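Visitor:
Numbering (our numbering), first residue to last: 668 to 960.
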């Protein structure tokens with residue numbers, strides 16, 4: 668059985684939409700511009716179960732988030748140019764020039780590690796009482812490698828991490844039932860609006876709010892923003908809500924998604940866009956001879 672890249676070479680396949688991270692460098696060298704790596708309006712993040720101790724303590728959540736070296740994940744594991752994320756709202760949304768990122772976004776790794784240790788100690792964890800947790804993630808190879816890397820980044824803090832791997836459906840069912848400590852999650856916006864991401868932490872958003880975060884002041888800021896017809900004021904209010912949430916860290920943003928597509932040079936009409944949406948009626952396949960298919 669031929670693999671997908673072989674099928675592309677032999678003109679038996681025109682588009683491949685799933686590309687393992689470990690092959691990205693090789694594919695870049697071999698296929699050049701046929702490898703399409705495009706930043707999306709999508710976010711990978713960790714959700715903390717704020718209804719379960721000790722993850723109801725923002726000091727614990729902040730410590731764990733601080734210790735994750737996003738740039739290392741992007742460079743060594745993902746390899747597709749994924750930007751590290753310290754904000755809930757990724758770049759590319761409209762009319763939102765000032766995102767409210769985590770205050771430790773610009774800190775060097777050593778400072779983040781030091782502060783993370785201090786926060787855990789303040790929360791009652793240390794050598795005599797190490798923090799133990801389960802990190803739940805889907806069973807893809809890339810997700811497994813990301814989870815292993817995060818567990819290794821937490822280890823210097825004395826955190827003992829058990830990985831819980833399952834298929835995607837089981838993973839989602841466990842999160843919906845609240846059966847997790849920390850879990851991998853993702854979100855693609857329905858539109859290019861910051862509110863689409865900030866709704867993930869609205870206490871009234873039901874199943875979207877995976878971390879079960881509840882903050883009345885945050886909800887009020889969202890209400891104020893949505894009631895405003897002044898776009899600049901709306902954006903500023905949404906940014907204030909995001910800043911408040913990123914201080915509490917009910918979720919830990921990890922990286923912004925990059926779509927990975929191998930598109931044959933025979934394909935015409937394939938246009939990059941931040942939502943990854945393409946209408947098939949605008950696509951065409953031209954045979955190697957240059958005639959119509």
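Even for Gly, the Cβ is constructed at its ideal location relative to N, Cα and C. Model, not experiment: these values are computed from the prediction.
#1: Taking only the alpha-carbon atoms, compute the straight-line gap between residue 913 and residue 754 and give it to the nearest angstrom.
#2: Is there contact here, the region 849–862 with the region 799–809, by at least three beta-carbon pairs under 8 Å?
#3: Mind pulling the beta strand (DSSP E) runs of 3 or more residues that sit fully within the region 669–726?
#4: Let's test the definition: count the other Cβ atoms within 10 Å of the Cβ of residue 869 and tell me whether it reaches 16, buried, or not, exposed.
#5: Determine whether the beta carbon atoms of residue 875 and residue 883 lie at a separation below 8 Å.
#6: Within 10 angstroms of its Cβ, does residue 973 collect 16 or more other Cβ (buried), or is it exposed?
#7: Determine the DSSP secondary structure at residue 611, reduced to helix, strand or coil.
#8: Within the chosen definition, does the region 813–827 reach the region 787–797 through at least 3 CB pairs nearer than 8 Å?
#9: When you compare the CB positions of residue 698 and residue 929, do they come within less than 8 Å of one another, or not?
#10: Let me know the secondary structure DSSP gives residue 838 once reduced to three states.
#11: State the Cα-Cα distance for the pair residue 818 and residue 811, rounded to the nearest angstrom.
#12: Taking C-beta to C-beta, are residue 925 and residue 711 nearer than 8 Å?
#13: Thinking residue 686 and residue 694 are a contact (beta carbons under 8 Å), I'd like their distance in whole angstroms, please.
#14: Using 8 Å as the threshold, is the region 734–745 in touch with the region 915–925, meaning 3 or more CB pairs across them?
#15: With respect to the alpha helix (DSSP H) encompassing residue 927, which residues constitute its N-terminal and C-terminal limits?
#16: Are the C-beta of residue 689 and some C-beta of chain B separated by less than 8 Å?
#17: For residue 691, I'd like the list of residues in its chain whose CB is within less than 6 Å of its CB, leaving aside the five on either flank, ordered along the chain.
#18: Per DSSP, which residues does residue 854 bridge with? Please list them.
#19: Are there 16 or more other CB atoms within 10 angstroms of the CB of residue 683, so buried, or fewer, so exposed?
#20: On a CA-only basis, which of 858, 689, 907, 768 is nearest residue 751? Give me that one, please.
#21: Could you check whether residue 908 and residue 892 sit closer than 8 Å to each other, using their CB atoms as the reference points?
#22: Tell me whether residue 709 is buried or exposed, calling it buried when 16 or more other Cβ atoms sit within 10 Å of its Cβ.
#23: What residue range does the beta strand (DSSP E) around residue 799 cover?
#24: Can you tell me whether residue 871 is helix, strand or coil according to DSSP?
#25: Apart from the five residues just before and just after residue 879, which ones in its own chain have a Cβ nearer than 6 Å to its Cβ?
#26: So, do the region 755–765 and the region 856–863 have three or more beta carbon pairs nearer to each other than 8 Å?
#27: Just how far apart, CA to CA, sit residue 987 and residue 796?
#28: In three-state DSSP terms, what is residue 751?
Guide: This is what the structure holds:
#1: 7 Å
#2: yes
#3: 702–715
#4: buried
#5: no
#6: With the chain covering 668 to 960 only, the question about residue 973 has no answer from this structure.
#7: The question about residue 611 has no answer, for the chain in this structure spans 668 to 960.
#8: yes
#9: yes
#10: helix
#11: 11 Å
#12: no
#13: 6 Å
#14: yes
#15: No alpha helix (DSSP H) contains residue 927, which is instead part of the beta strand (DSSP E) from 918–930.
#16: The chain labelled as chain B is not found in the depicted structure, where only one protein chain is given.
#17: 746, 747
#18: 710
#19: buried
#20: 768
#21: yes
#22: buried
#23: 799–805
#24: coil
#25: 717, 718
#26: yes
#27: Nothing about residue 987 can be reported from this structure: the residues present for the chain run from 668 to 960 only.
#28: strand
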